[in-house]
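What follows is a set of notes on a single structure, which appears directly below.
Protein chains in written order, with the UniProt record's numbering: chain A, 1 to 647; chain B, 1 to 647.
Rendered as structure tokens:
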């Protein structure tokens with residue numbers, strides 16, 4: 001393989017003409033995301049490592065390396081290795097993004113402990129296959145061995161693209177692991193698959209990173225093997241749980257465990273793109289369409305059922321029991337990003353933005369040391385405060401937890417934030433497309449030579465004014481495209497006239513891509529104005545759980561009403577949102593007119609069903625403040641709702 | 001102990017003055033319940049036994065008896081013994097109710113196989129404690145050993161009261177088992193408890209049946225031990241799951257796994273009544289009140305969460321994901337019946353009726369050979385037809401299943417229907433109170449001598465006219481009370497005037513107990529007229545999941561709209577119920593005026609949230625028929641809803 005160009009390091013690199021920006025092409029310098037990337041670097045990465053040291057999840061590798069697994073009760077679930085791999089991936093991106101040598105040293109030390117645990121034939125797993133453990137691949141439905149390997153491969157991909165390539169010990173270990181998987185599960189070998197998709201994206205991307213088509217072929221094999229009901233059931237869950245009910249290319253909608261469904265969909269796009277399988281790509285697009293139309297929450301969150309961490313039926317979108325696992329948000333971004341690269345359809349970028357602001361950014365606490373696992377849109381009882389050293393046994397509750405018994409989300413947030421700049425823009429020929437907005441500098445290599453330098457200045461998402469100054473450009477026409485989100489009716493773009501003729505007049509820009517093609521001169525400015533006044537958002541009447549309610553959004557932010565902002569003594573259950581006066585901007589949230597209903601009077605012990613229809617709108621009004629959903633529960637335990645009943 | 005009077009055989013027999021009718025005092029001769037009791041006898045009992053033979057759950061006892069457990073993979077969950085015991089209990093009541101000698105022979109043959117598996121010290125369980133099995137009581141949180149024993153004790157209670165008393169082999173085995181439990185878990189022994197309450201009701205009732213206060217004391221010990229967080233967690237579920245979070249006497253509401261919460265509450269009433277513990281009784285009444293006010297579905301169903309089969313938060317009453325386990329319905333009847341006997345409060349009888357008609361009767365298919373486990377109030381996608389020999393791996397879905405992987409419900413329905421007449425009426429001194437209405441003959445022994453004979457004639461619940469003819473009465477004043485349900489505003493009672501003076505005029509009867517005290521003469525007639533015109537029922541506005549909807553009830557029956565009754569091509573999601581014309585009676589259901597809304601138009605791939613408020617009421621109207629909820633899905637897979645949106 002060629003030595004990688006670390007400027008272009010990015011998680012997803014299909015061999016198509018459209019590509020995402022590399023970490024070295026984008027520098028986020030301020031605003032919403034810069035602070036989160038900084039907190040991720042300064043707090044979350046270390047936090048994750050400390051917890052996994054404390055719980056022995058990293059020492060599990062040392063024990064395998066030392067051959068002392070026998071007679072030892074291994075801490076952690078069978079998939080805890082994957083958290084170590086996701087942390088390694090996050091560290092690799094972070095090192096690639098900043099060049100921080102301390103981060104690199106941390107990576108190398110941790111990677112060495114993983115590599116030491118690898119068996120001679122390439123198998124690496126701390127839960128199976130060693131003295132006192134169940135045999136390798138003895139529980140493919142629930143054992144998560146290939147899932148873990150997939151995350152190891154993704155960590156190696158990050159390392160290859162940000163540093164030295166295959167000479168790196170972790171990369172070499174990943175190659176041995178991938179070869180082992182191909183031997184064990186390749187054509188003519190064991191015709192089996194893992195209960196939790198993930199090996200597929202790992203193999204596909206490692207194949208891209210190393211130019212090794214056998215890995216892509218193995219990923220394709222795993223994708224095609226799923227959907228034929230061959231996985232043994234797990235507990236009382238049917239084959240739909242792990243998408244083993246219908247083959248990917250035949251399915252019409254996402255169903256079952258959301259993270260599994262989405263990791264699988266991401267892999268299907270990878271395979272479709274790499275093999276030119278348009279039917280498979282169309283299948284994932286069809287599933288995305290139907291799932292976004294009927295099975296996706298306002299926040300972009302996916303998954304409505306706690307029972308199987310899964311999608312529910314069409315229109316089953318309960319605010320209170322919305323699961324919206326943080327990892328499903330990460331996985332949804334993975335799918336939509338791949339589809340955006342494959343199709344250039346703006347709707348994928350829109351969903352990425354919605355999900356990043358309202359699921360991924362909602363998970364970590366401001367200090368980066370506690371997380372939401374589930375992200376419901378309504379909380380009826382305030383969560384109990386967790387102590388700093390409490391592991392949350394449950395994946396739910398109204399308080400962010402430092403760590404979980406199943407702790408997939410913190411490291412998933414960490415790797416996503418560490419690679420965030422790679423999702424900022426796409427490049428195709430001489431066209432650069434800004435998909436997300438954050439203050440910063442881009443220096444993008446155009447595919448046909450030269451670079452386009454951009455300085456983005458904005459207070460997005462609170463303000464919708466985005467100023468893009470050209471800092472360098474080739475001496476020929478190039479195209480700059482700016483995303484006009486679907487919610488931004490009334491947007492406008494201002495671009496320079498022909499060279500030297502000054503700034504043009506604002507022209508309306510419909511949702512979609514607003515393109516400006518010019519021979520740009522450094523100093524030229526393109527501005528985008530997106531209306532970010534708070535707006536009312538009404539649910540489709542087929543969503544039973546949200547009937548009679550309205551939400552407030554502002555730009556890409558979903559807002560919520562939290563009990564901290566209620567007048568003393570008011571129960572959130574008694575608040576009605578009066579939609580007749582338009583909500584007004586207030587800080588980064590909004591102020592609305594509310595009406596406070598007295599709770600219905602009923603004799604004691606009476607069921608909550610009566611002969612009278614709902615009463616008239618209450619007279620008692622109050623102005624209430626809504627805050628961005630991603631910031632809820634930052635002021636201590638609270639009750640909260642995104643959708644508020646109307647009078 | 002005294003030889004029992006089998007005429008008075010009944011499941012719950014506290015030593016208080018108020019008692020329930022014995023199976024020998026009531027003969028149900030027709031109508032809604034008679035057909036169900038008959039189907040239970042002719043189909044369900046045999047069906048349950050066939051399935052448990054086929055799956056090897058009964059053979060598990062043979063294997064223990066033969067000492068051949070080693071090296072054998074035991075079929076069934078760890079609690080499958082309890083299904084055999086519940087079937088035995090059902091057979092015992094059925095024999096008591098009808099005197100059918102074939103049923104008795106079936107009981108004796110099955111009981112013999114259970115008794116043969118008992119260890120010398122009284123322990124009996126086919127999953128623990130024998131060669132190749134985990135040790136006894138090695139997993140109290142999830143092992144269900146004491147739970148199983150509790151059901152064995154309840155079967156023995158049924159046997160004692162319907163036949164010969166302690167000389168019966170199963171009764172003798174139960175006594176040995178109870179003594180074993182008292183030795184192992186009594187004062188000074190192991191201070192532990194079972195994750196699933198049930199041993200408590202079993203011990204308390206066996207104590208009553210045998211006059212053995214040590215069993216009651218042991219039940220009280222178990223009740224008091226719960227709520228102190230001593231049970232090891234099961235999977236990711238916290239102590240609330242098995243009510244180990246708060247002591248029973250301190251709790252304000254039911255929470256966690258619904259069946260566990262309700263079996264425990266039933267036991268707490270037993271203990272409170274037998275020990276004169278008014279504080280404990282008040283605690284359960286308080287929990288009932290709060291739970292019925294805020295955590296109970298319109299059908300009487302309890303449990304809103306699939307994840308832990310549990311109660312949710314206050315106001316968390318989703319129609320689509322309502323769990324409303326059939327067993328929780330049975331357990332709710334158990335609790336309310338005990339509270340009714342303890343307090344004479346009519347609201348307990350009201351909830352029993354609601355639950356019997358809309359949960360317990362909804363579970364079995366008309367032929368008694370398939371069952372609902374969960375009883376949601378909305379089904380969005382038609383269930384797939386199950387083959388007659390399919391075990392349903394899941395406790396949900398829109399089609400009744402012949403059997404379940406966890407098959408607690410069929411035998412629970414069976415034992416409840418077999419003892420149904422015992423819940424018909426209460427007796428206290430010279431007062432006889434009809435709590436439920438069914439055509440039949442009662443011959444009730446008055447506590448202070450003599451009997452009151454009643455012939456009930458009615459087409460209840462379709463008609464609200466109930467005629468009670470006195471067939472025998474002592475020559476002194478006695479009181480006959482009739483229940484006027486809470487929904488029956490405008491009811492009236494007609495009673496005979498003084499002897500020989502003919503029938504009196506109808507007088508209004510408010511919800512509660514309508515009492516008639518007379519020196520009755522055979523031939524006297526008391527009539528009750530309950531309005532059973534279909535009525536609209538509106539949910540409390542704090543129930544988010546039901547906002548903007550209305551339901552239709554008729555007498556004690558909750559009605560539902562099923563897709564079979566929609567015009568061709570109409571999607572149930574597009575139906576609105578126009579509440580302005582009153583619903584009209586139609587068969588045993590109702591006809592309503594509906595408006596059919598066209599589905600909202602939205603661009604493909606758009607999230608189901610928009611900038612426009614709900615549109616005006618659709619013009620397209622149709623008359624639609626609603627059927628009793630208990631009969632839904634009898635015409636093949638269907639979509640269904642109880643609460644229908646209003647225009």
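Cβ atoms here follow ideal geometry from the backbone N, Cα and C, with glycine treated the same way.
Values in this document were obtained by computation on a predicted structure and should not be read as measured data.
Practice prompt. Could you check what DSSP says for residue 636 (chain A) in three-state terms: helix, strand or coil?
Written response: When DSSP states are grouped into helix, strand and coil, residue 636 (chain A) belongs to the coil group.
Worksheet item: How many angstroms separate the CA atom of residue 173 (chain B) from the CA atom of residue 82 (chain B)?
Response: Taking the straight line joining both Cα atoms gives about 15 Å.
Worksheet item: Who are the near neighbours of residue 469 (chain A) in its chain, counting only those whose CB is closer than 6 Å to its CB and skipping five residues on each side?
Response: Closer than 6 Å at Cβ, skipping near neighbours: 455, 525.
Worksheet entry | 7 Å CB neighbourhood of residue 79 (chain B) in its chain, flanking five on each side removed | Correct list, in chain order: 144, 147, 148.
Discussion item. Per DSSP, what are the beta-bridge partners of residue 378 (chain B) in this structure?
Written reply: Bridge partners of residue 378 (chain B): B:641.
Item to complete: Compare the C-alpha of residue 309 (chain A) against each of A:261, A:193, A:134 and name the closest.
Response: It is A:261 whose Cα lies nearest to the Cα of residue 309 (chain A).
Worksheet item: Roughly how many angstroms separate the alpha carbons of residue 283 (chain A) and residue 289 (chain A), rounded to a whole number?
Response: Between residue 283 (chain A) and residue 289 (chain A), the C-alpha separation is close to 10 Å.
Fill in: Rounded C-alpha distance that separates residue 396 (chain A) from residue 376 (chain A)
As the crow flies, the alpha-carbon of residue 396 (chain A) is around 9 Å from that of residue 376 (chain A).
Practice prompt. Answer with buried or exposed for residue 232 (chain B), where buried requires no fewer than 16 other C-beta atoms within 10 angstroms of its C-beta.
Written response: The residue is exposed, with fewer than 16 neighbouring Cβ atoms inside 10 Å.
Worksheet item: Where does residue 387 (chain B) land, buried or exposed, given buried means 16+ other C-beta within 10 angstroms?
Response: Exposure of residue 387 (chain B) is indicated by the presence of fewer than 16 other C-beta atoms within 10 angstroms of its C-beta.
Worksheet item: What residues from the region 361 to 374 of chain A come within 8 Å of chain B, judged by C-beta to C-beta, listed N to C?
Response: Of all residues in the region 361 to 374 of chain A, none is placed with a Cβ closer than 8 Å to any Cβ belonging to chain B.
Discussion item. Threshold first: 4 residues or longer. Then list the alpha helix (DSSP H) segments lying entirely within the region 566 to 644 of chain A, N to C.
Written reply: Runs of the alpha helix (DSSP H) inside the region 566 to 644 of chain A: none found.
Worksheet item: Considering only residues of the same chain and omitting the five flanking positions on each side of residue 268 (chain B), which have a CB-CB separation below 6 Å?
Response: If we look at residue 268 (chain B) and ignore the five residues flanking it on each side, its Cβ neighbours are 223, 248, 280, 284.
Fill in: residue 35 (chain B) burial status per 10 Å Cβ neighbour count (16 or more: buried)
By the 16-neighbour rule on beta-carbons within 10 angstroms, residue 35 (chain B) is exposed.
Worksheet item: Should residue 98 (chain A) be flagged as near chain B, meaning a C-beta pair shorter than 7 Å?
Response: Among the CB atoms of chain B, none fall inside 7 Å of the CB of residue 98 (chain A).
Worksheet item: Residues of chain B with CB under 8 Å from residue 36 (chain A), in chain order?
Response: Going along chain B, no residue has its Cβ under 8 Å from residue 36 (chain A), so there is no contact; the nearest lies around 24 Å.
Item to complete: Note down, one range per segment and in chain order, each alpha helix (DSSP H) of at least 4 residues found wholly within the region 105 to 177 of chain A.
Response: The alpha helix (DSSP H) runs of length 4 or more contained entirely in the region 105 to 177 of chain A are, from start to end of the chain, 145 to 162.
Worksheet item: Going straight from the alpha carbon of residue 420 (chain B) to that of residue 37 (chain B), what length do you get?
Response: Each residue's Cα considered, the two are about 8 Å apart.
Worksheet item: Do you know how far the Cα of residue 50 (chain A) is from the Cα of residue 228 (chain B)?
Response: Cα-Cα distance, rounded: 32 Å.
Worksheet entry | residue 632 (chain B) beta carbon less than 7 Å from that of residue 553 (chain B) | Cβ distance not < 7 Å, so residue 553 (chain B) and residue 632 (chain B) don't count as in contact.
Practice prompt. Please classify residue 287 (chain B): does DSSP put it in a helix, a strand, or coil?
Written response: Helix at residue 287 (chain B).
Worksheet item: Who are the near neighbours of residue 161 (chain B) in its chain, counting only those whose CB is closer than 6 Å to its CB and skipping five residues on each side?
Response: These residues qualify, in order along the chain: 4, 9.
Worksheet item: Is the CB of residue 298 (chain A) under 7 Å away from at least one CB in chain B?
Response: Taking a beta-carbon distance threshold of 7 Å, residue 298 (chain A) counts as an interface residue toward chain B.
Fill in: Residue range of the alpha helix (DSSP H) that includes residue 410 (chain B)
Residue 410 (chain B): member of the alpha helix (DSSP H) spanning 408 to 418, first to last residue.
Worksheet item: Rounded to a whole number of angstroms, what is the C-alpha to C-alpha distance between residue 251 (chain A) and residue 287 (chain A)?
Response: Whole-angstrom Cα-Cα distance: 7 Å.
Worksheet item: Is it the case that the Cβ atoms of residue 414 (chain A) and residue 48 (chain A) are separated by a distance below 7 Å?
Response: In this structure, residue 48 (chain A) lies closer than 7 Å to residue 414 (chain A) by Cβ.
Worksheet entry | Ordered list of alpha helix (DSSP H) runs contained in the region 321 to 359 of chain B, each at least 4 residues | Taking 4 residues as the minimum length, the alpha helix (DSSP H) runs contained wholly in the region 321 to 359 of chain B are 326 to 343, 346 to 355, in order along the chain.
Fill in: Under 7 Å between C-beta atoms of residue 714 (chain B) and residue 594 (chain B)
Summary: the structure shown does not reach residue 714 (chain B), with chain B confined to residues 1 through 647, and so no result is reported for it.
Worksheet item: Is the shortest distance between the beta-carbon of residue 1 (chain B) and the beta-carbons of chain A less than 7 Å?
Response: Its pLDDT being 46, under 50, residue 1 (chain B) is placed unreliably in this model, and the value from its coordinates should be taken loosely. Closer than 7 Å: no.
Worksheet item: Does the ligand HEM have a heavy atom nearer than 6 Å to the CB of residue 89 (chain A)?
Response: Judged by which ligands are present, the structure shown has none, so any question about the ligand HEM falls away.
Practice prompt. Would you check if the distance between the CB atom of residue 341 (chain A) and the CB atom of residue 18 (chain A) is smaller than 7 Å?
Written response: The answer is yes: Cβ separation under 7 Å.
Worksheet item: What residues from chain A crowd round residue 179 (chain B), counting only those whose CB sits closer than 7 Å?
Response: Within 7 Å Cβ-Cβ: nothing; residue 179 (chain B) doesn't reach chain A, min ~36 Å.
Practice prompt. Mind checking which residues open and close the alpha helix (DSSP H) that includes residue 39 (chain B)?
Written response: From DSSP, the alpha helix (DSSP H) with residue 39 (chain B) extends over 31 to 39.
Worksheet item: Any idea which residues DSSP pairs residue 470 (chain B) with across the strands?
Response: Beta-bridge partners assigned by DSSP to residue 470 (chain B): B:454.
Worksheet item: For residue 517 (chain A), which residues of its own chain have a beta-carbon under 6 Å away from its beta-carbon, when the five flanking residues on both sides are left out?
Response: Closer than 6 Å at the Cβ level, and outside the excluded window around residue 517 (chain A), lie 477, 479.
Discussion item. If we require 4 or more residues per run, which alpha helix (DSSP H) segments fall completely within the region 180 to 236 of chain B?
Written reply: Fully enclosed alpha helix (DSSP H) runs of 4 or longer: 199 to 210, 213 to 225.
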